[in-house]
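Remarks on the structure that follows.
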């Protein structure tokens with residue numbers, strides 16, 4: 088069954104993998120350049136928590152704002168690009184997974200071989216989901232590698248949005264979007280509408296769950312006379328932040344929430360398949 | 009001996025109240041070639057789909073060689089209407105898929121059959137003609153060496169040459185395996201040379217079932233003066249007036265004498281089937297709705 | 005070797021039986037000659053194998069053919085049907101008669117009906133005036149098997 092699923096969807100899947108690989112390469116390359124560009128300032132002790140590159144004008148650290156100008160592009164491109172690109176890819180793989188068979192009526196051929204309907208569905212979903220999880224995790228760690236020098240160089244007033252683009256978060260998001268697309272495809276029996284519905288649903292769920300996770304742990308606030316957030320803190324805005332110690336618990340919580348939602352979607356998709364009449 | 013296909017009070021309902029098939033009780037002895045005949049929407053596909061394990065019965069039961077279809081998938085070969093297959097796969101890959109989807113798949117047999125049919129293994133399914141695709145789909149199920157072959161309108165979209173080739177190669181394969189074949193058709197012509205057992209469906213109900221020779225023996229075409237036959241005197245299936253005479257299809261005891269002034273003859277296959285397809289069905293109407 | 009007539013009203017197995025009987029009688033099939041296998045007939049005619057099996061079964065029952073397991077099906081060494089060694093003159097006059105019938109615009113079916121009528125003469129003489137019997141064509145093809 089896995090062979091057929093792979094053979095049926097290998098074209099788009101290979102394209103998706105290539106795209107993700109290119110994205111990872113780009114992020115690693117940008118990250119390396121950023122680290123190198125930052126090296127002299129780090130050596131000169133210019134970099135500290137919560138610093139404002141603009142205020143350093145005239146000092147020997149003045150070149151730091153050049154860094155900002157050089158790498159400003161990376162913020163919108165990767166901070167938001169990683170989850171979005173992965174979501175689109177996951178939707179494009181998930182939607183046709185079941186819907187294409189229903190559209191072309193080939194499910195009738197598949198369901199009357201010696202493989203049960205449940206196995207047909209699960210092996211398709213699990214195979215694709217495993218590939219997506221691996222690709223998205225790699226992309227997540229590459230994004231983390233990029234995020235570090237950029238944050239260090241003071242490029243953002245808020246580090247929090249990176250939370251959803253790095254480490255384990257992208258895998259959870261991509262799997263959720265994939266599962267939404269599978270379920271939508273199973274119910275709608277049509278690929279293109281399923282892609283649209285999956286992406287729309289994903290954005291809504293991401294906003295809701297992201298908000299929920301953000302408020303899960305109380306935030307810390309630095310209210311000294313010269314407020315400064317710890318260097319490794321996750322700034323939400325101004326001087327409100329999640330301390331670094333909260334990062335992994337929050338990541339794992341976020342991942343769990345996404346996976347539970349994704350599992351629910353897969354179960355809903357199975358309901359549609361199980362009761363599907365020819 | 010267990011029937012190749014047996015249903016008992018089988019019914020399937022779409023939604024709350026639309027019965028596509030109802031009170032269907034029949035037994036197909038092993039080795040028969042069965043034509044499932046009826047107008048469009050009479051429940052042919054529904055019956056085949058329940059027998060193939062694609063549809064769960066809403067009431068009653070269906071058994072293939074004594075077991076529920078969903079548990080005997082390996083013994084059933086099903087080809088859906090228009091023989092859908094993955095269009096972008098190559099012919100050889102379809103066979104490979106068959107090998108992966110079935111524990112017992114006779115790949116050498118399938119390859120041999122494809123080369124015998126002169127279908128290029130490298131060709132993509134979407135480039136095949138309708139006849140070739142039907143043959144490929146048939147090859148894929150025959151390589152399972154099924155006991156029961158279920159074909160939904162296999163001849164509907166084939167030209168006469170492809171139709172003949174399809175039948176010849178299907179029957180040749182069945183001669184070797186002794187498989188039971190059930191196929192549906194909304195066209196009656198040519199069925200006589202294809203089948204030896206008949207199921208006629210009307211409005212989701214079985215109106216005739218049996219071996220064709222037996223069915224022909226137990227029916228008569230009788231013609232007599234107009235106004236004959238007496239209403240309800242004999243089980244009249246359908247009657248028609250033409251040129252001052254009434255011709256009717258009757259179900260009767262082979263030994264029964266019908267009376268003077270009447271010409272009687274055994275019905276041809278077509279007369280038998282068409283008679284049942286034209287049979288007025290007043291008493292079924294309300295229960296089907 | 006077999007030809008089928010669709011829509012003739014004669015069951016296909018009867019047509020097969022009748023053709024073997026005819027060919028044996030006319031000497032087109034000689035004793036001991038091998039008949040095509042069921043599979044060969046099925047592939048040639050695209051007919052249901054059960055039909056061929058039934059026809060062969062009937063022929064075997066009538067002693068016209070013998071089946072040897074694993075070898076094949078053969079015309080019996082001495083089939084219980086005497087070969088027709090029709091005098092050439094008889095056949096020639098029959099050909100002439102058929103030619104005339106065709107000139108009168110009669111179809112094959114109608115010619116057959118006339119032949120059947122002639123064979124059943126004492127019975128059929130009355131009915132020909134009123135109406136020809138339906139199903140008389142079947143009587144020709146299946147007559148030999150009775």
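Chains as they are written, first to last, in this note's numbering: chain Y, 88 to 365; chain W, 9 to 297; chain U, 5 to 150. For every residue, glycine included, the Cβ atom is placed at its ideal position computed from N, Cα and C.
DSSP-derived helix/strand/coil call for residue i
{"i": "residue 196(W)", "result": "coil"}
{"i": "residue 328(Y)", "result": "strand"}
{"i": "residue 249(Y)", "result": "helix"}
{"i": "residue 215(W)", "result": "strand"}
{"i": "residue 78(U)", "result": "strand"}
{"i": "residue 106(W)", "result": "helix"}
{"i": "residue 2(W)", "result": "Outside the shown range of chain W (9 to 297) lies residue 2(W), about which nothing can therefore be said."}
{"i": "residue 292(Y)", "result": "helix"}
{"i": "residue 191(W)", "result": "strand"}
{"i": "residue 310(Y)", "result": "coil"}
{"i": "residue 96(Y)", "result": "helix"}
{"i": "residue 299(Y)", "result": "helix"}
{"i": "residue 55(U)", "result": "helix"}
{"i": "residue 205(W)", "result": "strand"}
{"i": "residue 224(W)", "result": "helix"}
{"i": "residue 45(W)", "result": "strand"}
{"i": "residue 9(U)", "result": "coil"}
{"i": "residue 129(U)", "result": "Caution applies to residue 129(U), whose pLDDT of 49 falls short of 50 and renders its modelled position unreliable; the model cannot decide the point."}
{"i": "residue 149(W)", "result": "helix"}
{"i": "residue 88(U)", "result": "coil"}
{"i": "residue 134(Y)", "result": "coil"}
Neighbouring residues, chain Y, relative to residue i (Cβ below 9 angstroms)
{"i": "residue 97(W)", "result": "91, 94 and 95"}
Neighbouring residues, chain W, relative to residue i (Cβ below 8 angstroms)
{"i": "residue 42(U)", "result": "183"}
{"i": "residue 47(U)", "result": "176, 177, 179 and 180"}
{"i": "residue 55(U)", "result": "201 and 204"}
{"i": "residue 8(U)", "result": "201"}
{"i": "residue 201(Y)", "result": "81, 82, 109, 110, 111, 112 and 152"}
Residue i versus residue j - alpha carbon distance
{"i": "residue 194(Y)", "j": "residue 247(W)", "result": "44 angstroms"}
{"i": "residue 129(U)", "j": "residue 123(U)", "result": "For residue 129(U), the predicted model reports a pLDDT of 49, less than 50, meaning its position is unreliable; a value from the coordinates is still stated below. Using only the alpha carbons, I get a separation of about 10 angstroms."}
{"i": "residue 349(Y)", "j": "residue 260(Y)", "result": "9 angstroms"}
{"i": "residue 231(Y)", "j": "residue 214(Y)", "result": "26 angstroms"}
{"i": "residue 143(U)", "j": "residue 229(W)", "result": "Because the pLDDT of residue 143(U) is 38, which lies under 50, any placement of that residue in the model is unreliable, and the question is left without a value."}
{"i": "residue 287(Y)", "j": "residue 181(Y)", "result": "14 angstroms"}
{"i": "residue 251(W)", "j": "residue 15(U)", "result": "28 angstroms"}
{"i": "residue 91(Y)", "j": "residue 180(W)", "result": "30 angstroms"}
{"i": "residue 355(Y)", "j": "residue 183(Y)", "result": "16 angstroms"}
{"i": "residue 139(U)", "j": "residue 85(W)", "result": "Summary for residue 139(U): the model assigns pLDDT 43, below 50, so the residue's position carries little reliability, and this model does not support an answer."}
{"i": "residue 88(Y)", "j": "residue 63(W)", "result": "21 angstroms"}
{"i": "residue 148(W)", "j": "residue 126(W)", "result": "15 angstroms"}
Neighbouring residues, chain U, relative to residue i (Cβ below 7 angstroms)
{"i": "residue 248(W)", "result": "Residues of chain U passing the Cβ test: none, with the nearest at roughly 14 angstroms."}
{"i": "residue 221(W)", "result": "15"}
{"i": "residue 254(W)", "result": "Residues of chain U passing the Cβ test: none, with the nearest at roughly 14 angstroms."}
DSSP beta-bridge partners of residue i
{"i": "residue 27(W)", "result": "21(W)"}
{"i": "residue 25(U)", "result": "DSSP output for residue 25(U) lists no bridge partner at all."}
{"i": "residue 321(Y)", "result": "329(Y)"}
{"i": "residue 233(W)", "result": "253(W)"}
{"i": "residue 156(W)", "result": "84(W) and 188(W)"}
{"i": "residue 273(W)", "result": "229(W)"}
Proximity below 8 angstroms, CB of residue i to CB of residue j
{"i": "residue 231(W)", "j": "residue 259(W)", "result": "no"}
{"i": "residue 46(U)", "j": "residue 255(W)", "result": "no"}
{"i": "residue 12(W)", "j": "residue 73(W)", "result": "yes"}
{"i": "residue 122(W)", "j": "residue 129(W)", "result": "yes"}
{"i": "residue 121(Y)", "j": "residue 158(Y)", "result": "yes"}
{"i": "residue 170(Y)", "j": "residue 251(Y)", "result": "yes"}
{"i": "residue 208(W)", "j": "residue 284(W)", "result": "yes"}
{"i": "residue 190(Y)", "j": "residue 327(Y)", "result": "no"}
{"i": "residue 188(Y)", "j": "residue 197(Y)", "result": "yes"}
{"i": "residue 160(W)", "j": "residue 88(W)", "result": "yes"}
{"i": "residue 202(W)", "j": "residue 175(W)", "result": "yes"}
{"i": "residue 177(Y)", "j": "residue 111(Y)", "result": "no"}
{"i": "residue 30(U)", "j": "residue 88(U)", "result": "yes"}
{"i": "residue 344(Y)", "j": "residue 300(Y)", "result": "yes"}
{"i": "residue 4(W)", "j": "residue 186(W)", "result": "There is no way to answer for residue 4(W), as the model of chain W reaches only from 9 to 297."}
beta-carbon residue i near the ligand PLP non-hydrogen atom, thresh 7 angstroms
{"i": "residue 112(W)", "result": "In the structure shown, the ligand PLP is absent, as is every other ligand, since no ligand is present at all."}
Chain W contact residues for residue i, given Cβ-Cβ distances below 7 angstroms
{"i": "residue 307(Y)", "result": "Within chain W, no residue comes near residue 307(Y); the closest Cβ sits about 55 angstroms away, beyond 7 angstroms."}
{"i": "residue 39(U)", "result": "What residue 39(U) touches in chain W: nothing, since even the nearest Cβ is about 15 angstroms away."}
Closer than 8 angstroms at the beta carbon, the chain U residues around residue i
{"i": "residue 203(W)", "result": "52"}
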